[in-house]
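Novice: Provided herewith is a single structure, encoded as structure tokens, for subsequent inquiry.
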């Protein structure tokens, strides 16, 4: 379980580090963006559900992983950049995992089903949003690709099954599996969320 | 009381959704900006005064309202855009309400009068600031229109009267009323906060 | 001790107010940027280590200082702008102080050595990052100047000596002193953190 969590952080941290390299941030900026992208979603969730200090501040492995991802990306960024299609697939794994673990942690801290599913989505997409705000661009997740919807759907499925007292393996498997499949289908078919129609006033 | 609170959230969420439509965010971006604009000020306050998890995560109505406002704006944005003068008036109502309820909640959680008034202002203007940061523009509230001052003044009046053990109706009415009148006068007369004088070095 | 803390806040608040004046924010924007730059690092730390409400909301002097710095900068910004080299030196003092006090506060709240050192760095650099996000530019601290490294090094030294049960004067003096010297040397010699090498793939 922890291994999967750390793998998700590693993948998210790599995506943050790539953005930092492309904006010519220095090595420190690369590490900070790696850290905030990898851990930001969980930090946001933990602060909102009052689970502070966040787990990542109590276990040094959670800090070591984004630092490693950031340094590897800083040094080998031409290679990492070429591997980006693979990173996208791993990123879908990370998203699937985070939306489920985030939602279940919120349930554990006493939130109702709807807010818990929302916290699952926040855990999945929050790190990328912090990354985009810190690197001075509008959040990628708003630009039409189907990213938040799979996270919310997976979190909702996990919360629902957990509410019905299903075993953990089914809860996590169904939630993460649905999110993963929906996200990969969206990437392959280039599915996009609807944009506003017609000219916007002003 | 809750009805007024939800109305304020609705109006703020609509303003966030309009900004998202104008930047051509997808339907999800519209919903997220509606949610963060409607609820962001209260989240910021609750995290700072240690009232987590925020009320909005414990009561599903607080989540339903910005979703409704976001979807309505997404579909009917040409109409909503034309109604913007009315939205500005309702927004002044929302600001008046939030600055008072935010300040009184901070008093309830043990803050002194000055920080409590500040938290009232944060509740009123925080959602709009989060909206502007997420949509990649400098916060509107810094650009010269008189927006934060009415919120701070209304919050200070409410905190002061509450400190003098006045009845709730007077506390809330005087605080919100002063904020509302000052904000509407500022809109009508186009009152503006002072800008720095002279050329700025570099 | 409190005097040094307030001095650090004053210097940081002045740097925030200068940025606001140069972007032609109104007087309110100047005050908000002064406040968030002066207090933001401590707020971030306190929220993450669950020390809410932050000290600045419990002691009115912590609020008075950034307001004073903001108003002085708003009125006398041509003079303050010319004094910027001096501000840079004072800013190094503020950074040295904040990284040590931030790290020791995190230790006091039960964090392990590595996360505590990280919280010291966050206390030192967080205010400036919030300032840059609110004023719509990528964080200055990512742009190659050696700023975060001295803060992390100073915090690590303080946490290490504190772990060895050294007296407070030595802990604080060695940590803050190392940070200060390293930062000033970096300013004088224009030392820079390494940038990514080679062309970044898209």
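Chains as they are written, first to last, in my numbering: chain A, 205 to 406; chain B, 205 to 406; chain C, 205 to 406.
Glycine included, each C-beta is placed from N, C-alpha and C at the ideal position.
Do residue 326 of chain A and residue 366 of chain A have their beta-carbon atoms positioned less than 8 angstroms apart in this structure?
Specialist: Taking the first residue of the first chain as position 1, residue 366 of chain A is located at position 162. Taking the first residue of the first chain as position 1, residue 326 of chain A is located at position 122. By the CB criterion at 8 angstroms, residue 366 of chain A and residue 326 of chain A fall outside the cutoff.
Novice: Quick one: measure Cβ to Cβ for residue 241 of chain A and residue 331 of chain A, integer angstroms, because I've assumed they're closer than 8 angstroms.
Specialist: As a position in the first chain, residue 241 of chain A is number 37, starting the count at 1. As a position in the first chain, residue 331 of chain A is number 127, starting the count at 1. That belief holds up - the Cβ atoms of residue 241 of chain A and residue 331 of chain A are roughly 4 angstroms apart, short of 8 angstroms.
Novice: Whose C-beta lies closer than 6 angstroms to the C-beta of residue 359 of chain B among residues of the same chain, with five residues either side of it excluded?
Specialist: Taking the second chain and counting its residues from 1, the one referred to as residue 359 of chain B is at position 155. Closer than 6 angstroms at the Cβ level, and outside the excluded window around residue 359 of chain B, lie 303, 307, 321, 324 and 325.
Novice: Quick one: give me the first and last residue of the alpha helix (DSSP H) that residue 254 of chain B is part of.
Specialist: For this step, residue 254 of chain B is matched to residue 50 along the second chain. Per DSSP, residue 254 of chain B belongs to no alpha helix (DSSP H) and is neither H nor E.
Novice: Can you find a C-beta in chain A that's less than 8 angstroms from the C-beta of residue 397 of chain C?
Specialist: Within the third chain, the letter at position 193 stands for residue 397 of chain C. Chain A, which has a Cβ nearer than 8 angstroms to the Cβ of residue 397 of chain C, makes this yes.
Novice: Pop quiz: residue 260 of chain C and residue 238 of chain C are said to be a contact at Cβ under 8 angstroms. What is the actual Cβ separation, rounded to whole angstroms?
Specialist: Here the question's residue 260 of chain C lines up with position 56 in the third chain. Here the question's residue 238 of chain C lines up with position 34 in the third chain. Actually they are not in contact, since the Cβ atoms of residue 260 of chain C and residue 238 of chain C sit about 13 angstroms apart, beyond 8 angstroms.
Novice: Assuming contact is defined by CB atoms lying nearer than 8 angstroms, are residue 363 of chain A and residue 317 of chain A in contact in what I supplied?
Specialist: Taking the first chain and counting its residues from 1, one reaches residue 363 of chain A at position 159. Taking the first chain and counting its residues from 1, one reaches residue 317 of chain A at position 113. Yes. Within cutoff.
Novice: Give, in chain order, every residue of the segment 245-261 of chain A whose Cβ lies closer than 8 angstroms to some Cβ of chain B.
Specialist: 251, 252, 253 and 254
Novice: In the DSSP output, which residue or residues are listed as bridge partners for residue 396 of chain C?
Specialist: Here the question's residue 396 of chain C lines up with position 192 in the third chain. Note: residue 396 of chain C sits in a beta bridge opposite C/349.
Novice: What is the C-beta distance between residue 274 of chain B and residue 235 of chain B, in whole angstroms, given that I count them as a contact (C-beta under 8 angstroms)?
Specialist: As a position in the second chain, residue 274 of chain B is number 70, starting the count at 1. As a position in the second chain, residue 235 of chain B is number 31, starting the count at 1. That pair is a contact at about 4 angstroms.
Novice: When you check each C-beta in the segment 278-300 of chain B against every C-beta of chain A, which residues fall closer than 7 angstroms?
Specialist: 278, 281, 282, 285 and 286
Novice: Please report the straight-line C-alpha distance between residue 348 of chain A and residue 395 of chain A, rounded to a whole angstrom.
Specialist: Taking the first chain and counting its residues from 1, one reaches residue 348 of chain A at position 144. Taking the first chain and counting its residues from 1, one reaches residue 395 of chain A at position 191. The alpha-carbon atoms of residue 348 of chain A and residue 395 of chain A are separated by roughly 9 angstroms.
Novice: Using the C-alpha atoms, what's the distance from residue 245 of chain B back to residue 328 of chain B?
Specialist: Numbered from 1 along the second chain, position 124 holds the residue referred to as residue 328 of chain B. Numbered from 1 along the second chain, position 41 holds the residue referred to as residue 245 of chain B. So the two alpha carbons sit approximately 6 angstroms from each other.
Novice: Would you mind stating whether residue 338 of chain A and residue 343 of chain C have Cβ atoms separated by less than 8 angstroms?
Specialist: For this step, residue 338 of chain A is matched to residue 134 along the first chain. For this step, residue 343 of chain C is matched to residue 139 along the third chain. Contact: yes.
Novice: Just how far apart, CA to CA, sit residue 231 of chain B and residue 220 of chain A?
Specialist: Within the second chain, numbered from 1, the residue matching residue 231 of chain B stands at position 27. Within the first chain, numbered from 1, the residue matching residue 220 of chain A stands at position 16. Roughly 24 angstroms separates the two Cα atoms.
Novice: Since residue 258 of chain C and residue 210 of chain B should fall inside the 8 angstroms C-beta cutoff, what is the C-beta to C-beta distance between them, to a whole number of angstroms?
Specialist: Numbered from its first residue, the third chain carries residue 258 of chain C at position 54. Numbered from its first residue, the second chain carries residue 210 of chain B at position 6. The C-beta distance from residue 258 of chain C to residue 210 of chain B rounds to 29 angstroms, too long to meet the 8 angstroms contact threshold.
Novice: Measure the beta-carbon distance from residue 355 of chain A to residue 315 of chain A and round it to whole angstroms, keeping in mind my assumption that it falls under 8 angstroms.
Specialist: The residue given as residue 355 of chain A occupies position 151 in the first chain. The residue given as residue 315 of chain A occupies position 111 in the first chain. That pair is no contact at about 16 angstroms.
Novice: Take residue 270 of chain C and list the residues in its own chain whose beta-carbon comes closer than 7 angstroms to its own, dropping the five residues that flank it on each side.
Specialist: Within the third chain, the letter at position 66 stands for residue 270 of chain C. If we look at residue 270 of chain C and ignore the five residues flanking it on each side, its Cβ neighbours are 213, 217, 238, 239, 242 and 243.
Novice: Would you tell me roughly how many angstroms separate the C-alpha atoms of residue 202 of chain C and residue 295 of chain A, rounded to the nearest one?
Specialist: In the structure as shown, chain C begins at 205 and stops at 406. Residue 202 of chain C is therefore absent and cannot be evaluated.
Novice: Just to confirm before moving on: does the CB-CB distance between residue 379 of chain C and residue 346 of chain B stay below 8 angstroms?
Specialist: Your numbering for residue 379 of chain C matches position 175 in the third chain. Your numbering for residue 346 of chain B matches position 142 in the second chain. Their beta carbons are not under 8 angstroms apart, which means residue 379 of chain C does not touch residue 346 of chain B by this criterion.
Novice: Nearest by alpha-carbon distance to residue 291 of chain A: which of A/388, A/398 and A/399 is it?
Specialist: To locate residue 291 of chain A, count along the first chain from 1; it is residue 87. Comparing Cα positions, the closest option is A/388.
Novice: By Cβ distance below 8 angstroms, which residues in the same chain neighbour residue 399 of chain B in space, the five residues on each side in sequence not counted?
Specialist: Here residue 399 of chain B is taken as the residue at index 195 of the second chain, counted from 1. For residue 399 of chain B, where only same-chain residues beyond five positions count, the Cβ hits under 8 angstroms are 348.
Novice: Using beta carbons (cut-off 8 angstroms, strictly below), is residue 402 of chain A in contact with chain B?
Specialist: Taking the first chain and counting its residues from 1, one reaches residue 402 of chain A at position 198. Taking Cβ atoms only, chain B reaches closer than 8 angstroms to residue 402 of chain A, which makes this a yes.
Novice: Under the rule that 16 or more other beta-carbon atoms within 10 Å means buried, what is residue 401 of chain C, buried or exposed?
Specialist: Taking the first residue of the third chain as 1, we reach residue 401 of chain C at position 197. So residue 401 of chain C counts as exposed.
Novice: Which residues in the same chain have their Cβ closer than 7 angstroms to the Cβ of residue 361 of chain B, if we skip the five residues on either side of it in sequence?
Specialist: Position 157 of the second chain, counting from 1, holds the residue named residue 361 of chain B. Closer than 7 angstroms at the Cβ level, and outside the excluded window around residue 361 of chain B, lie 378, 379 and 382.
Novice: I need the straight-line Cα distance from residue 267 of chain A to residue 281 of chain A, nearest angstrom please.
Specialist: Numbered from 1 along the first chain, position 63 holds the residue referred to as residue 267 of chain A. Numbered from 1 along the first chain, position 77 holds the residue referred to as residue 281 of chain A. If you take the alpha carbons of residue 267 of chain A and residue 281 of chain A, they lie about 21 angstroms apart.
Novice: Hey, residue 384 of chain C and residue 357 of chain C: beta-carbon distance below 8 angstroms or not?
Specialist: Within the third chain, numbered from 1, the residue matching residue 384 of chain C stands at position 180. Within the third chain, numbered from 1, the residue matching residue 357 of chain C stands at position 153. No, these two residues do not count as a Cβ contact at 8 angstroms.
Novice: Any Cβ of chain A within less than 8 angstroms of the Cβ of residue 227 of chain B?
Specialist: To locate residue 227 of chain B, count along the second chain from 1; it is residue 23. It does; some Cβ of chain A falls within 8 angstroms.
Novice: Is residue 229 of chain C buried or exposed, if buried means 16 or more other CB atoms sit within 10 Å of its CB?
Specialist: In the third chain, the residue the question calls residue 229 of chain C occupies position 25. Note on residue 229 of chain C: 16 or more other CB atoms within 10 angstroms of its CB, so buried under the neighbour-count rule.
Novice: Beta-carbon separation of residue 278 of chain C and residue 225 of chain C under 8 angstroms?
Specialist: The residue given as residue 278 of chain C occupies position 74 in the third chain. The residue given as residue 225 of chain C occupies position 21 in the third chain. Contact: yes.
Novice: Evaluate residue 319 of chain B with the Cβ neighbour count: other Cβ atoms within 10 Å of its Cβ, from every protein chain shown; 16 or more gives buried, anything less gives exposed.
Specialist: Counting from 1 along the second chain, the entry for residue 319 of chain B is found at position 115. Under this definition residue 319 of chain B is a buried residue.
Novice: Quick one: measure Cβ to Cβ for residue 255 of chain C and residue 313 of chain C, integer angstroms, because I've assumed they're closer than 8 angstroms.
Specialist: Working through the third chain from its first residue, we reach residue 255 of chain C at position 51. Working through the third chain from its first residue, we reach residue 313 of chain C at position 109. About 6 angstroms; that satisfies the 8 angstroms criterion.
Novice: Note the first and the last residue of the continuous alpha helix (DSSP H) segment covering residue 281 of chain C.
Specialist: Start at 1 with the first residue of the third chain, and residue 281 of chain C comes out as number 77. Residue 281 of chain C -> alpha helix (DSSP H) spans 265-286.
Novice: Go through its chain and collect everything with a Cβ distance to residue 249 of chain C's Cβ below 8 angstroms, but skip five positions before and after it.
Specialist: Position 45 of the third chain, counted from the first residue, corresponds to residue 249 of chain C. Answer for residue 249 of chain C: 255, 306, 309, 310, 323, 326, 327 and 330, listed in chain order.
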